[in-house]
Structures are given as C-alpha cells and as structure tokens.
Amino acid sequence: MTAPPPASRQLALRWLQLGLAALVFAGIYAILLVSSRTPGVAEHLPWLDFFHTALVVHVDLSVLIWFLSLSGVLWTWGSAGPLPALDRPALWLAAAGTALIVLSPFTGEGKPLINNYVPVLQQPVFLAGLGLFGGGILLKGLAALAARSIAPAPLAMGLRLAAFTTLVSILLLPVSHLMILPRVGGAGYYELLFWGPGHVLQLTHTLLVLVVWIGLAPLSPGPAGRRLLGALFLLIALPVVVAPLIYGAGGIDGGEFRNRFTTFMRHGGLASLPLLLYALHLWFRRRVEGDAPVAAAMRGSLLLFVAGGILGFMIEGVNVVIPAHYHGSIVGITLAYMGLAYALLPRLGIPLTLPRLARWQAWIYTVGQLMHISGLAWSGGYGVARKVAGSAQGLEQLQAIWGMRLMGAGGGIAIIGGVLFLVVCLHALWRGRGQESQ
0 MTAPPPASRQ
10 LALRWLQLGL
20 AALVFAGIYA
30 ILLVSSRTPG
40 VAEHLPWLDF
50 FHTALVVHVD
60 LSVLIWFLSL
70 SGVLWTWGSA
80 GPLPALDRPA
90 LWLAAAGTAL
100 IVLSPFTGEG
110 KPLINNYVPV
120 LQQPVFLAGL
130 GLFGGGILLK
140 GLAALAARSI
150 APAPLAMGLR
160 LAAFTTLVSI
170 LLLPVSHLMI
180 LPRVGGAGYY
190 ELLFWGPGHV
200 LQLTHTLLVL
210 VVWIGLAPLS
220 PGPAGRRLLG
230 ALFLLIALPV
240 VVAPLIYGAG
250 GIDGGEFRNR
260 FTTFMRHGGL
270 ASLPLLLYAL
280 HLWFRRRVEG
290 DAPVAAAMRG
300 SLLLFVAGGI
310 LGFMIEGVNV
320 VIPAHYHGSI
330 VGITLAYMGL
340 AYALLPRLGI
350 PLTLPRLARW
360 QAWIYTVGQL
370 MHISGLAWSG
380 GYGVARKVAG
390 SAQGLEQLQA
400 IWGMRLMGAG
410 GGIAIIGGVL
420 FLVVCLHALW
430 RGRGQESQ
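Residue 0 is where the sequence shown starts when you use numbering that gives the first Met the number 0, and the numbers rise one by one after that.
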C-alpha cells in the first residue's frame with residue numbers, strides 16, 4: 000500500500016489511536032461484565048441490570064467503533080491528502096461521540112436493549128454519542144469520496160465503494176425512522192431502525208477487509224489482473240443499489256422486509272467469494288516473505304473468516320450455531336485490522352518494539368477464536384439455545400456441555416490474545432512517542 004503524504008499519515012495515526020482507545024475501554028467494560036455477576040461486587044454497581052448495560056457499550060466499542068475507526072485509517076491512508084473542511088471535524092465528532100458512549104453508563108440508568116447490529120442504551124448521553132460518532136463517519140465517508148486517491152486502482156475502487164456503501168447505510172437511518180409505525184417502540188423500534196442500514200454496512204466491512212488482505216499481500220497483480228480485481232470489488236458493492244428498492248417495496252414492519260435484507264446479504268457474501276479465494280491464494284500458496292506479525296495476522300484472519308462463512312451454511316433452527324457463524328466473520332475482520340495496525344505503525348515512524356510477541360499474539364487470538372466458534376457450533380448441533388444463559392441454555396447432553404466448555408476455554412484464550420494486541424500497540428506507541436512521521 001502506497002504511503003500517503005505526512006499530513007495524511009498523521010491523520011491516519013489519530014484514527015488508529017481512536018480505534019485502540021475503543022478497544023481499551025471495551026476491555027474495561029468486559030471486566031465490568033464479569034464484575035456485574037460476581038457476588039460481593041455486583042451490589043456496589045450503580046443500578047440494576049448493569050450486566051446488559053456494560054454488554055451494550057462493550058459490543059458497540061469493540062465492533063462498531065473499532066471497525067469504523069479502522070475504516071477511517073484506510074480511507075485516510077489511501078488519499079492524496081486530508082480535506083480540512085471534512086477530515087478534521089470528522090475525527091473530532093467521532094472522538095467526541097466515542098467519549099460520550101464510554102461515559103454514558105455513569106450518567107444515568109442505562110435501560111439497555113440488545114437488538115441486532117447496534118445495541119443501544121435508551122438514555123440521551125449514549126444516543127448523543129452514537130449520533131456524533133455517526134456524523135463523524137458520514138463526514139469521513141464524504142471526504143473519502145471527494146479526495147484524490149493514491150492507492151493502486153483496484154484498492155482505490157474498494158475504498159471508494161466502501162465509502163459509498165457507508166453513506167448509503169447512514170442515509171437509510173432516517174428513512175427507517177420515518178417508516179416505522181408509531182406504535183412500535185423499545186427493542187422493536189431499534190431492531191427495525193438498524194436492520195437495513197446494518198445489512199448495508201456489512202458490505203463496507205467486506206470490501207475493506209478484502210482491501211486489507213490484498214493490499215498488504217507481498218505480490219501485486221499485473222494490469223489485466225488489476226482491472227479484474229476492480230470489477231470484482233464493484234460486483235460485491237452492486238447489491239447496495241437494491242437497498243432503497245427494498246424500502247420502496249412496502250412497509251418495514253413485516254417479515255418480508257427482514258427476509259429481503261437477509262437475501263441481500265447472502266448475495267453480497269457470495270459475490271465476495273472470488274476475491275476471498277484470491278486472498279487465500281496470496282497468503283497461503285507458499286511461504287510468505289516479509290513481516291511475520293502481519294503474515295500471521297492475515298493468515299489467521301482468513302482462517303477465521305472462512306470458518307465463519309462455512310458455519311453459515313450449517314445453520315438449522317435458532318441455536319448457538321448462529322452466533323458461531325457471525326462471530327467467526329467478525330473476529331476475522333478484527334484480526335485483519337490488528338495486522339493492519341502492525342503494518343502501518345512502522346510506516347508511521349513507530350516501530351513494533353515487541354515483534355515476536357506480535358506474531359504470537361496473532362496465533363493465540365486465532366486458536367482461541369477457532370476454539371470458541373467450534374464450541375458454539377458443536378453445542379448448537381445439540382440444540383443449545385442462543386441469547387440465554389444458565390439453565391435456559393438447555394445443557395442436558397454431555398456433548399453440549401463439553402462444547403460450551405470448549406467455547407469458554409477458547410474465549411479465555413482469545414481474550415489473552417486481545418490483551419496482547421493492545422500491549423504490543425500501546426508499548427510501541429509509548430516508546431515511539433515523538434518519533435511519528437512529520
């Protein structure tokens with residue numbers, strides 16, 4: 000990936016720091032999740048149901064804000080220079096929104112809702128933070144479309160298409176709001192509000208993770224290959240033109256609306272298969288020369304993403320195979336972005352001070368997450384229900400119990416891998432402060 004001018008490198012670093020800050024606070028809320036169910040500690044937390052309040056903030060920080068902050072990194076890195084009228088307020092809005100989301104549980108009762116895509120707290124500080132962050136990403140998406148690109152042609156296509164799908168996702172939010180019937184409130188309202196935009200945003204994440212896998216690979220295609228890659232990126236984004244038509248086909252309160260967006264996402268996923276196979280070819284065809292931590296992260300990321308995709312075809316009924324499927328895809332993207340951080344920090348004048356630990360971190364995270372999703376899939380095959388805990392899970396068979404134990408052990412290992420990533424990055428930033436590229 001071509002290095003941008005110094006101003007863009009500095010801005011990319013700020014977006015990366017925002018993403019890392021989101022992960023740090025997501026980790027703190029993960030500790031609070033455990034504390035909220037620990038006797039002797041839970042009694043001292045500020046209000047009832049702190050578990051679900053902390054869960055909402057943890058999920059939004061570790062997925063929505065982390066992913067979109069790294070989107071900001073990629074859009075900035077691929078541009079010839081920042082646009083002050085858009086780029087500066089975009090970063091400040093996103094940072095202010097993130098800060099409000101982090102602080103929101105301590106400003107009043109959470110009233111958490113665990114709806115799909117963007118779980119929410121029904122209180123003004125959280126919602127204001129979400130709005131500010133969304134506004135920042137909207138401006139950043141506009142800047143990505145307006146700026147001159149310096150990325151190689153197929154990657155520039157992927158970056159611009161990702162910016163476009165992000166804008167469509169955000170602009171569909173007011174459309175959803177206006178079409179929701181007045182009688183719908185609470186979890187039902189937010190489920191419908193984010194259902195369409197959330198599905199469209201998955202195209203953004205798919206496009207950008209493919210940009211990372213292909214852009215960081217040690218080999219580059221020839222002119223004909225670049226044209227083909229550009230066309231394949233366009234094919235992935237093509238379903239976005241259908242999204243407004245789904246809204247125009249009728250109301251959004253019925254099952255048909257939900258089913259149409261499920262089909263929409265299925266077509267987008269299938270369209271990504273050629274580029275996914277190409278990325279697998281780039282990273283697994285032979286020994287990869289170069290940066291070992293980046294190679295480990297890319298290979299682990301691809302393994303997790305493919306595992307999540309395969310599990311999607313194994314879903315039968317409503318059980319924990321469903322979270323195994325989407326969790327595999329999510330953590331695959333997360334690990335790709337971890338590898339992106341390892342690749343970009345040295346190019347920002349901040350060398351990795353713990354390179355061996357970085358390589359081990361990638362494989363520890365990969366193994367832990369593979370165990371985690373395998374345990375979920377195994378237990379789901381024995382009918383273990385999703386979105387429940389304790390006796391409600393239906394852990395009656397020994398095989399299901401062992402599957403959930405595998406899930407728990409893998410989750411613990413993955414948490415260690417996540418902490419090690421922050422250790423590697425924060426240690427590099429601390430040792431490299433003042434040495435960033437000017």
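Here a beta-carbon is modelled for each residue, glycine too, at the ideal position from N, C-alpha and C.
With a 10 Å radius around its C-beta and 16 neighbouring C-beta atoms as the bar for buried, classify residue i as buried or exposed.
i: residue 313; result: exposed
i: residue 222; result: exposed
i: residue 258; result: exposed
i: residue 211; result: buried
i: residue 176; result: exposed
i: residue 180; result: exposed
i: residue 13; result: buried
i: residue 442; result: Here the chain has residues from 0 to 437 only, and residue 442 is not among them.
i: residue 261; result: exposed
i: residue 389; result: Low confidence applies to residue 389: its pLDDT is 45, below 50, so where it sits in the model is not reliable enough to give any reading.
i: residue 30; result: exposed
i: residue 256; result: buried
i: residue 145; result: exposed
i: residue 72; result: buried
i: residue 248; result: exposed
i: residue 265; result: exposed
i: residue 105; result: exposed
i: residue 423; result: buried
i: residue 173; result: exposed
i: residue 224; result: exposed
i: residue 254; result: exposed
i: residue 276; result: exposed
i: residue 355; result: exposed
i: residue 147; result: exposed
i: residue 358; result: buried
Excluding five sequence neighbours on each side, which residues of the same chain lie with their C-beta closer than 6 Å to the C-beta of residue i?
i: residue 436; result: For residue 436, the pLDDT reaches just 45, beneath the cut-off of 50, and the residue's location in the model is therefore unreliable, although a value from the coordinates is still provided. Same-chain partners within the cutoff: 5, 8, 347 and 348.
i: residue 425; result: none
i: residue 178; result: 251
i: residue 245; result: 259
i: residue 308; result: none
i: residue 337; result: 296 and 420
i: residue 28; result: 53, 56 and 57
i: residue 140; result: 162, 165 and 166
i: residue 1; result: 149
Excluding the 5 residues preceding and the 5 following residue i in the sequence, name in chain order all residues of the same chain whose CB lies nearer than 7 Å to its CB.
i: residue 386; result: Annotation note: pLDDT 48 at residue 386 (below 50); position unreliable, coordinate value reported separately. For residue 386, where only same-chain residues beyond five positions count, there are no Cβ hits under 7 Å.
i: residue 306; result: 327, 369 and 372
i: residue 298; result: 282 and 283
i: residue 362; result: 295 and 299
i: residue 156; result: 229, 232 and 233
i: residue 405; result: 370, 373, 374 and 377
i: residue 408; result: 370
i: residue 293; result: 215, 338, 341 and 342
i: residue 94; result: 17
i: residue 66; result: 204 and 332
Leaving out five residues before and five after residue i in sequence, what residues of the same chain have Cβ atoms less than 8 Å from its Cβ?
i: residue 218; result: 281
i: residue 3; result: 11, 75, 76, 77, 78, 79, 80 and 149
i: residue 142; result: 74, 78, 81, 82, 85, 86 and 89
i: residue 290; result: 341 and 342
i: residue 117; result: 59, 63, 129, 189, 193 and 197
i: residue 205; result: 235, 267, 268 and 271
i: residue 115; result: 190, 193, 194 and 197
i: residue 92; result: 131, 132, 134, 135 and 138
i: residue 310; result: 320, 323, 324, 327, 372 and 376
i: residue 417; result: 22, 26 and 364
i: residue 353; result: 422, 423, 426 and 427
i: residue 169; result: 133, 136, 137, 140 and 196
i: residue 51; result: 109, 111 and 113
Pull up the CB-CB distance for residue i and residue j, whole angstroms please, since I reckon it's below 8 Å.
i: residue 215; j: residue 342; result: 5 Å
i: residue 350; j: residue 431; result: 7 Å
i: residue 185; j: residue 126; result: With 8 Å as the limit, residue 185 and residue 126 do not qualify as a contact, their Cβ atoms being about 14 Å apart.
i: residue 124; j: residue 109; result: Not really, about 10 Å apart at Cβ, beyond 8 Å.
i: residue 61; j: residue 18; result: Going by Cβ atoms, the distance from residue 61 to residue 18 rounds to 10 Å, so no, they are not a contact pair.
i: residue 410; j: residue 379; result: That belief does not hold up - the Cβ atoms of residue 410 and residue 379 are roughly 15 Å apart, past 8 Å.
i: residue 208; j: residue 332; result: 5 Å
i: residue 120; j: residue 213; result: In fact, because the Cβ distance is near 38 Å, the residues do not count as touching under 8 Å.
i: residue 303; j: residue 279; result: Residue 303 to residue 279, Cβ: 12 Å. No contact.
Return no unless some Cβ of chain C is closer than 8 Å to the Cβ of residue i.
i: residue 353; result: Of the protein chains in this structure there is only one, and it is not chain C.
- Query: For the stretch 94-112 against the stretch 154-164, are there 3 or more C-beta pairs whose distance is under 8 Å?
  - Reply: no
- Mind pulling the alpha helix (DSSP H) runs of 4 or more residues that sit fully within the stretch 277-331? 291-311
- Do the stretch 128-138 and the stretch 191-205 meet, that is, are 3 or more Cβ pairs less than 8 Å apart? no
- Query: Counting Cβ pairs, one atom from each stretch, are 3 or more of them under 8 Å apart for the stretch 186-194 and the stretch 232-244?
  - Reply: no
- Can you list the alpha helix (DSSP H) stretches of 4 or more residues lying completely in the stretch 105-192, in chain order? 123-145 and 152-178
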